[in-house]
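All residue numbers for the sequence shown refer to my numbering, where the first residue is 60 and numbers rise by one.
All C-beta atoms, glycine included, are put in the ideal place defined by N, C-alpha and C.
Worksheet: one structure, shown below.
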Amino acid sequence: MSDVVEKTLTALPSLLSLDSQPGSAKLSSTSKLGNLIRGITELTSKHEEEKLIQQELASIKEQVSSPNTSMRQMKELMVRAIYCEMLGYEASFSYIHAIKLAQQGAALEKRVGYLAVSLFLNESHELLLLLVNTVLKDLQSTNLIEVCMALTVVSQMFPKDMIPAILPLVEEKLNHPKEIIRRKAVLALYKFYLIAPNQVQHIHNKFRKALCDKDPGVMTASLHIYVQMIQEKPEAYKDLTASFVTILKQVVGGKLPMDFNYHSVPAPWLQIQLLRILSLLGKNDQSTSEIMYEVLDESLRRAEMNHNITYAILYECVKCIYTIHPKSDLLEKAAKCIGNFVLSPKINLKYLGLKALTYVVQQDPKLALQHQMTIIECLDHPDLIIKRETLELLFRITNAQNVTVIVEKMLDFLRISEDDYTTIDLVGKVAELAEKYAPDNEWFIETMNTVFSVGGDMMQPDIPNSFLKLLSEGFDSVEEDRKLRLFAVDSYVSLLQGEPDKLPQRFLQVISWVLGEYSYLKEELQPTAVLRLLAKLLDMKNTSSETKSWILMAMTKLCDGEAGVSVAQEVSETYSSSLDTVLRQRAHELQYLSQNPELRTRVLPRDAGPEPLEVDSSLSFLDGFVSEALAAGAAPYKPPHQRQEELAQGKALSLEPYGLSLPISMSSCSIADRQSPTLLSISSGLSGDSTDLSLKGGSTTLKLDGVKRVWGKEGYLVQRESLEEAAAQVEVPSPLRSPSQQGEADRSHSQAPIPIPTPEPEQEKQQLASSLFVGLSSHSSVSLMGKSEPTPQRFRRKAKSPSSSSDASERISNSLVSSTSTVDNLLCDNLLDTSELAVSSPSLTSQLSQGLTTANGTCDVQLTDSDVKGSSPSLVRDNGVAVAADSTPHKDLDRPKDLCFSSHLPAELSGLSHSEITPLCSDQSLDLSVCHVQKEEYLALVIFMYNSSSSDIQQILLEVDSDELEVSCVCDSAVQEVRSLSVAVCQYSLTVKRPSVHVEVVGMVSYQLPVGTHQSAQFSYKLPLTSFIRPLTVSTEEYGKMWLDFSNDTKQNLTLISDGQESLTATLNVLKKKLQLHVVEIIGMEGIVACRLLQDQPCLMHCRVHAGTLAVWLRSPVPDLPDCLIYHCQRALQEH
């Protein structure tokens, strides 16, 4: 122990630069930190340590408050305060001095100040606002060290509301010549994306540029952002699959510098990130998966070194192979890797194999059969983690035939488990299995009784709630309902007659409810006997108030007859004067209803099923009360956001430099008693309601309950199980062998089988294996946990109403996968410029360009109101293959050249401007094209159906729907027939239901050919939100009143068109022209703008020129509208 302390003391000077001598190797004997550490290590009790630390904190507090303390001394004091905080003692007095040190000190002092701030404060701490100006100044510094420190603090902790103030500076650092600055800027943007994704959605192009950076470190940092974005919307990044594959090929091939190697493994963490990205992109996508097969095979082949990091790479490879579209060769190699892990004698590798097997068993249940004896042995493994992961695997392969054995194993583990998390997790799994696969009523009730007893009060509250709901709703059979409820009553009565004081509180609540509802089913059981059993529960000392209220409610349902009424009156008199208001209310209800049987029958009818309740969400029944209160002088109700803003108004901080502050002249806008929209004020996230999640006040003692003793004075205590395993150890395949070597070894073993007599314990394990893995060999007819269930489960609740017919068109997310990129190295600068891509033909160039710029709404989409032709529709045929709308140019040869769809527009739309008519989808006989027309009250979507065949098409069914839009047909009658070489038109009205940056219309067309075959095709059509924006003409006074009423807002700094005097007017004119906004008024350097979203969803914008940028504040009653509109404002100004 002394050696460790000495090494720590030796290393501290170099880390913290405490000693004045640059080459000092030992901690100076006069160093206050060194003396503190030595003093703590010499203490013998916690009390002495606390006394010493309190003295040290008092000394630090006195010195930091002294005006004579130098910056160098302040640096050492901060380091000592950090050490005290690390030991769990509060040093809050030093927080403000740490901020001052970061603001005023030189490079070394600033470094310690930033370090102290990052350790002392959290993102919601109010003192963090004092650091914003310091970060802004350091980001603009020419000193690389200061810029690095500022970016580090920004990526670790920064208020969400302050992001717009520094976002432009962080964006600039993406073009910095130094790699470390660019890497830290990418990490800062990754932090911004996690806490405020809407504020960085306009710089997705720069994320792609970071992915193609010359420095591998910058590229690696950008993968963190892509993992998050691809998880949310994988279709939008299918075009990057080839680039990710190319990067992984170079990493696996050792093309990166040696600095990225770890134990001779090339960039292992980069490989893991790329494998995770590929698994997300290739899921349920055959064409994308085919691009990955080669590199996954290469990764499996090269990851053969004997080191933990290679095992991690193999694990991610296996997960990726089983996630993407399957390939038999890869699946076989991945299965052998899993087998190597599972059969390894090393605990860590065995755990990794079980975890991988748990993941892949849903796709290949037979894989568990190959290792069933190993899984059985893991059930008795001394390591609890191995045992728990084995139970997780068994949970995944549970079916109706093996549920009893698996649940029994889970309950056995629960009885010996002392870990709360494991108990909560397994209790939920057992309850889920019992409800889904219970063989009979008795087993189900007994299993749930064990769940309630073992789980206790730690289980999730939805487990007893779901159980009671199942009992109350009943099943399809009335007789089954009665049998289940009757068995539950018998079981609970016997439990109350035993030792009820040992039952958990939630179990007592379940028992009380069941006896109150269904004890009448047992005719020989008198209600008075049940009342007395429940009354005994009230007398127990450990019965909680909540449980007592459940018991009183149950007694209210059972107080029949004179004996029952007397018991009820006695109990109600006891609790009618209780200090608990709920108990007092229940006692009065019991007293009143027990004396009035008729009222009790109406209020608590027997055997009444659950009925839906009509809820008046507007609380209209309180209108009279509100009117009287307002007439009496009561204050009107204020929404929470308005109250918070009024509270923040008095303590809002202006973050603008004093020298550049401009007068605010908004008095004419009637925005009285409100803070200026361009001031960056603290929001509700920084109010006093936020809770500090730090655990500084927690206990510092270790909890050693349940820890197995494996070390003694003599060293490691060899366990009996390990000796037995060593004695019975047999040859197993080494996890270090490659799949090909392992296959040869398997074949050599299979050529000379040696019969071995089976001992008696082995026979027991084989019998257990036959019980656990029954049904997996024919898993096509067995429903596994988590898979679609072909056979009905035992407990199926009654249907409340006839199920509505399902949608005729199944929505399939289309993806236009671009051609394989020709990127051969990490300098993939051509990723953003499609004109530089090497393609074989002009048609391929057109197709690839559409794939990169318009597919799936990627960040390169260039969609405006006047250029909707970029919304590349796609067709998904019945076989699920996505086909680009214009990827079949030969179809155009059959279409007449002079065919003009514009002449077929409806009469009421012919005089209005419309978007370009673009192909929607094309089939053997039917071609669909689409355009949209902007009307004042809605957006008209016009679909043209052209019959290119020589025969009529009949029984046409066209269905259109959208998640974000309200779609309604405005045609007089549906089109059911299209004659040969003619055009039919369908018109739909579109209004926004849920705002999004881009909205999508999906649909399906089906028709009958003359030969009798039925054809169908699916399509999608994307639109920008700007197509639904209309000007909102209001006066300045009306604008001011509306501003006060809207609660959803966002703030952002935009780029001005020019730096001249009329820059504000020019910028607003561009937004007015491209987005159809209405400029209400421009006053000096400020302007107010209004618009509306179809139908009648207003959005207000306040603009102010400040420091060369346009500070914009948007407000709307619609939650997502401000964020979407600010995105289109940014794109409009960038395109200008």
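Inter-residue spacing [alpha-carbon to alpha-carbon] between residue i and residue j
i: residue 940; j: residue 985; result: Annotation note: pLDDT 33 at residue 940 (below 50); position unreliable, coordinate value reported separately. Computed Cα separation, rounded: 18 Å.
i: residue 992; j: residue 1187; result: 20 Å
i: residue 448; j: residue 366; result: 22 Å
i: residue 450; j: residue 404; result: 19 Å
i: residue 1139; j: residue 1162; result: 11 Å
i: residue 525; j: residue 470; result: 20 Å
i: residue 751; j: residue 183; result: Here the model assigns residue 751 a pLDDT of 38, short of 50, so the residue's position is not dependable, and the following value carries that caveat. Roughly 8 Å separates the two Cα atoms.
i: residue 1141; j: residue 1126; result: 12 Å
i: residue 442; j: residue 472; result: 12 Å
i: residue 1003; j: residue 287; result: 39 Å
i: residue 564; j: residue 572; result: 13 Å
i: residue 629; j: residue 533; result: 35 Å
i: residue 455; j: residue 505; result: 23 Å
i: residue 156; j: residue 1109; result: 33 Å
i: residue 198; j: residue 260; result: 22 Å
i: residue 459; j: residue 514; result: 24 Å
i: residue 797; j: residue 292; result: For residue 797, the predicted structure reports a pLDDT of 41, less than 50, and the residue's modelled location is therefore unreliable. The matter cannot be settled from this model.
i: residue 931; j: residue 327; result: For residue 931, the predicted model reports a pLDDT of 39, less than 50, meaning its position is unreliable and no value from the coordinates is stated.
i: residue 502; j: residue 543; result: 10 Å
i: residue 358; j: residue 376; result: 7 Å
i: residue 1169; j: residue 222; result: 15 Å
i: residue 585; j: residue 290; result: 59 Å
i: residue 627; j: residue 541; result: 27 Å
i: residue 132; j: residue 114; result: 18 Å
i: residue 361; j: residue 304; result: 16 Å
Strand pairing of residue i, partner residues [DSSP]
i: residue 1062; result: 1019, 1078
i: residue 458; result: Beta-bridge pairing links residue 458 to no other residue.
i: residue 324; result: 321
i: residue 1114; result: 1168
i: residue 342; result: 383
i: residue 1036; result: 1013
i: residue 1088; result: 1152
i: residue 1043; result: 1004
Residue from the options with nearest C-alpha to residue i
i: residue 204; options: 190, 166, 450, 511; result: 166
i: residue 550; options: 578, 278, 523; result: 578
i: residue 149; options: 369, 610, 119; result: 119
i: residue 477; options: 507, 508, 595, 517; result: 517
i: residue 452; options: 438, 442, 460, 463; result: 438
i: residue 1101; options: 213, 685, 1158, 585; result: 1158
i: residue 412; options: 1052, 374, 1179; result: 374
i: residue 604; options: 195, 199, 638; result: 638
i: residue 685; options: 676, 696, 675; result: 696
i: residue 382; options: 416, 217, 1097; result: 416
i: residue 592; options: 556, 230, 459; result: 556
i: residue 233; options: 263, 480, 362; result: 263
i: residue 1077; options: 315, 1019, 398, 427; result: 1019
i: residue 445; options: 567, 409, 422; result: 409
i: residue 1095; options: 1059, 1148, 990; result: 1148
i: residue 175; options: 252, 1175, 143, 1093; result: 143
Residue i beta carbon near the ligand HEM (any heavy atom closer than 7 Å)
i: residue 209; result: For the structure depicted, the ligand HEM is absent and the ligand set is empty, with no information on it obtainable.
| message | Tell me whether the segment 991 to 1004 and the segment 1042 to 1055 touch, counting them as touching only if at least three CB pairs, one residue from each stretch, are closer than 8 Å. | response | Under the three-pair Cβ rule at 8 Å, the segment 991 to 1004 counts as touching the segment 1042 to 1055.
| task | Would you list, in sequence order, the uninterrupted alpha helix (DSSP H) runs of no fewer than 4 residues that lie entirely inside the segment 376 to 441? | result | Correct list: 387 to 401, 406 to 419, 425 to 429, 431 to 438.
| message | Counting beta carbon pairs with one atom in the segment 335 to 353 and one in the segment 290 to 299, are three or more of them shorter than 8 Å? | response | Touching, per the Cβ criterion.
| Touching or not, the segment 1032 to 1043 and the segment 1083 to 1091, by the rule of three or more beta carbon pairs under 8 Å? | Taking a cut-off of 8 Å for Cβ pairs, the segment 1032 to 1043 and the segment 1083 to 1091 do not touch, as fewer than three such pairs fall below it.
| Cβ contact check for the segment 313 to 331 and the segment 341 to 355: 3 or more pairs under 8 Å | No: the two stretches stay apart, fewer than three of their Cβ pairs being nearer than 8 Å.
| Touching or not, the segment 967 to 979 and the segment 1006 to 1013, by the rule of three or more beta carbon pairs under 8 Å? | Segment contact: the segment 967 to 979 against the segment 1006 to 1013, fewer than three CB-CB distances shorter than 8 Å; contact not assigned.
| query | Is the segment 239 to 252 close to the segment 260 to 273, with three or more CB pairs under 8 Å? | reply | Yes: the two stretches touch, three or more of their Cβ pairs being nearer than 8 Å.
| request: Specify whether the segment 271 to 289 and the segment 1124 to 1142 touch according to this definition: at least 3 beta carbon pairs, one from each stretch, less than 8 Å apart. | output: The segment 271 to 289 makes no contact with the segment 1124 to 1142; the number of CB pairs closer than 8 Å stays below 3.
| task | Please confirm if the segment 451 to 468 is in contact with the segment 496 to 510, defined as three or more CB-CB distances below 8 Å between the two stretches. | result | Cβ pair count under 8 Å is three or more, so yes.
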